[in-house]
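Input: a single structure, listed below in C-alpha cells.
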Amino acid sequence: MMNVALIGLGSVGKGVAGMLAQKDLGIAITGIADSKSGCMDPGGLDIAGLLANKTKRGYCGDQEISASDVIRKADYDALIEVTPTNALTGEPAIGYIKAALLRKKHVVTSNKGPIALAYKELHALAVKKGVALRYEATVAGAIPIMHTLEHGLAGNEILALYGVLNGTCNYILTRMAAEGLTYEQALLEAREMGYAEADPTYDVQGIDAAIKLVILANTIWGNGIRLNDVDRTGIDLLTPDAMRLADDEGCTIRLIAEAIPRKHILRVSPRIIEKNHPLVVEGTLNALTLETDMAKEITLIGRGAGSIETASAIIGDLLFIKDRYVQRA
Amino acid sequence: MQVSMKLEMKDSPGQLVAALKPMSDVGGNIIAVIHQREPELDEDTLNVQIVLELPEGRLEKLVALLNEQGVRIQRIGEERLLYKRTVILIGHLMHTDLSDTVDQIDSTGFAEVCELAMSMPAVNERSSSRITIKAVSKGDMEAALAILRRVSHQKSLLLIEPLEEIA
Chain S
4 MMNVALIGLG
14 SVGKGVAGML
24 AQKDLGIAIT
34 GIADSKSGCM
44 DPGGLDIAGL
54 LANKTKRGYC
64 GDQEISASDV
74 IRKADYDALI
84 EVTPTNALTG
94 EPAIGYIKAA
104 LLRKKHVVTS
114 NKGPIALAYK
124 ELHALAVKKG
134 VALRYEATVA
144 GAIPIMHTLE
154 HGLAGNEILA
164 LYGVLNGTCN
174 YILTRMAAEG
184 LTYEQALLEA
194 REMGYAEADP
204 TYDVQGIDAA
214 IKLVILANTI
224 WGNGIRLNDV
234 DRTGIDLLTP
244 DAMRLADDEG
254 CTIRLIAEAI
264 PRKHILRVSP
274 RIIEKNHPLV
284 VEGTLNALTL
294 ETDMAKEITL
304 IGRGAGSIET
314 ASAIIGDLLF
324 IKDRYVQRA
Chain D
14 MQVSMKLEMK
24 DSPGQLVAAL
34 KPMSDVGGNI
44 IAVIHQREPE
54 LDEDTLNVQI
64 VLELPEGRLE
74 KLVALLNEQG
84 VRIQRIGEER
94 LLYKRTVILI
104 GHLMHTDLSD
114 TVDQIDSTGF
124 AEVCELAMSM
134 PAVNERSSSR
144 ITIKAVSKGD
154 MEAALAILRR
164 VSHQKSLLLI
174 EPLEEIA
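Here the protein sequences line up with chains S and D, keeping their order. Remember, the working numbering sits 3 above the position in the first sequence when you count from 1. Remember, the working numbering sits 13 above the position in the second sequence when you count from 1.
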C-alpha cells in the first residue's frame, strides 16, 4: 500500500480522489486539503464523505487545518499537488512541493507554474533527497508524453518536437474552419461549452502552449529555457478569410508549438498545415509529434484536459513511483 | 546562365550519378536536384528535375553527353524557380503598400511572388491574402521568408507560415 496526500480539490483533484476511491490500485489517501480546509488520517480517509462535504458546504475538512499542515504533518509517501497554476510566481505550489521534497516525499503535480518556473531547482532537490518529482499531467493532459520520452523512446536523441498543446485554441480554429465563424463567435461558443475561461488571454495568445513547450524542452534537452525565450504569436487576430484561403489549398490553420534546437527554433504560432497532416486534430484534442534519430517520427494524439483524463496522467505517475520506490506491504 | 531540365532515367544504382557527371564535366554548377516519383510512371523509371548554372555555350555539349549516357531529356526550360511556399498575410495590407511588400521579395532576384489571392471584407477592416512564393533553392526560400518576416513585423501584419515538412 502506498499513502498519498492530495493538495487541491478542484476539477483535477476531485477526479484523482474519485478514481483512487473507485479503483483498487493499492493507494490510500491519508491527507487532503483544499484552499479552505484540511484533513489527515494515517489509516486512510473516507473519500466519498469528504467529497460530499466539499459539494455541500464548499470545503472538505477541518478549517483549522491548512494545506501546509497536511504537507508537513500527514503520514504519506507521495504528495499530489494539483492546486491552480500561477504562471507568474508558481506559488504557493513551489513552496508546497519543496516542503514535501525536504521531507523526502515523492511529488506528483499537474501544476505548470512550478515546473516551468523552478524545474531546475525542484529537480535538483528531488535528486538530492532521493525521491521522484513527476509531472506527466502538466503537458497534453492524458497523453503519456513524459512516459513515452522516458521509457518507450529511451536512448533516442530527440531532434525536434511539434505539437497542438492547447485545446481551447484548437477548438476555436476547428470551428472557424468548419463553420466559417469569426474568431469572436468561435470564442463565445468555446466559452459556452466550458472550453474557454472568462479571460481567454492565457490560451488564445499562446502563453499556455508556450509554457508547455518550456516544460517539454527543459525535460528533453535540459536547456534551461524560459517562457520569454519562446517566440509567440496567438490566434486572436485570425480572420475567417484566412481560414478560407488556406482551405482553398487543401490546408487549414492550427496553433503549433515547435522546438528544433539545431535550428534555434522555439516558437508558438498559427501555421498553415495540410488537412491530412497527423497534427490536424479536431476540437479540444491535443497532438504531439516527436522527431528522433532512431524511431524517426512518432505522433501521439489524445485528450488534453478534463478531470478524469488528467487523473489518468497523475495516477500513471503515482503507480510508477509505487513500483519503483515504495515497498509493498 | 541558369538552366532547368527535367530528366527521365532508369531507377537503378548509378543512374543518377551517370546523369550528374556530364554536368560537372562541362563546368556546370548544380544548384538543385529534385526527385519526383510520378505514380503514372513505371516503377523502374525515375524523373529528376535539375537546376544548374552553366557557362555560356555548353548546353549543346551537355545534351550530347546526357544522350550518350542513355538519359532522356524531357524538357529544358527557363523556369528556374523550383521551391514553392504559400503563406497568409493578415492586416491592413493596402494601407501598408502591398505592392511594396511584394516587391521586397521580387527585387531579390532569387525569389518571386507568383500568386496572390486576396480578400477585403470592408474598408478599415483587416484584409487577408494568400501569397505563393517561388525560389531557386531551399536556402533562397528561407532568405525570402526572412525578408517577409521582417517586412510583416515592420508593417504590423500577421504572417502565417506553413509548417515545414518534418526533416
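We treat Cβ as the ideally placed atom computed from N, Cα and C, and that holds for glycine. None of the values given here were measured: they were computed from a predicted structure.
Closest by CA to S/Asn-114, which one among S/Gly-225, S/Gly-166, S/Ile-214?
S/Ile-214
Please return the same chain residues whose Cβ sits closer than 7 angstroms to the Cβ of S/Leu-230, not counting the five positions on each side in sequence.
Ala-119, Ala-213, Ile-214, Val-217
Whether S/Val-167 touches S/Ala-77 by CB criterion (8 angstroms)
no
Counting C-beta neighbours from all protein chains within 10 Å, is the total for S/Arg-265 16 or more, i.e. buried, or is it exposed?
exposed
Would you call the region 121 to 132 of chain D in contact with the region 71 to 81 of chain D, where contact means no fewer than 3 C-beta pairs closer than 8 angstroms?
no
Do S/Leu-152 and S/Thr-222 have their CB atoms nearer than 8 angstroms?
yes
Is S/Cys-172 helix, strand or coil by DSSP?
helix
Chain D within 8 angstroms of S/Leu-248, Cβ atoms only:
yes
Which of the three DSSP states, helix, strand or coil, is assigned to D/Lys-19?
strand
Contact list for the region 226 to 256 of chain S against chain D, Cβ threshold 8 angstroms
Thr-236, Leu-240, Leu-241, Thr-242, Asp-244, Ala-245, Arg-247, Leu-248, Ala-249, Asp-251, Glu-252, Cys-254, Ile-256
Can you say whether D/Arg-162 is buried or exposed, counting buried as having 16 or more other CB atoms within 10 angstroms of its CB?
exposed
Hey, would you say D/Ile-44 sits closer than 8 angstroms to D/Leu-29, going by beta carbons?
no
Nearest to S/Ser-14 by CA position, among S/Asp-72, S/Ala-51, S/Ala-8, S/Thr-86, is which residue?
S/Thr-86
I want to see whether chain S comes within less than 8 angstroms of D/Ile-103, judged by CB atoms only; does it?
yes
Can S/Leu-241 and S/Tyr-186 be called in contact, C-beta distance under 8 angstroms?
yes
Comparing C-alpha positions only, which one of S/Ala-102, S/Leu-288, S/Asn-89, S/Asp-65 sits nearest to S/Tyr-79?
S/Ala-102
Pick helix, strand or coil for S/Asn-221, following the three-state DSSP scheme.
helix
Only counting runs of 3 or more residues, tell me where the beta strand (DSSP E) segments fall wholly within the region 149 to 218 of chain S, in order along the chain.
161 to 167
Within 8 angstroms, strictly: CB atoms of S/Pro-273 and S/Thr-302:
no
Continuous beta strand (DSSP E) assignments of at least 3 residues falling wholly in the region 110 to 171 of chain D
124 to 132, 140 to 148
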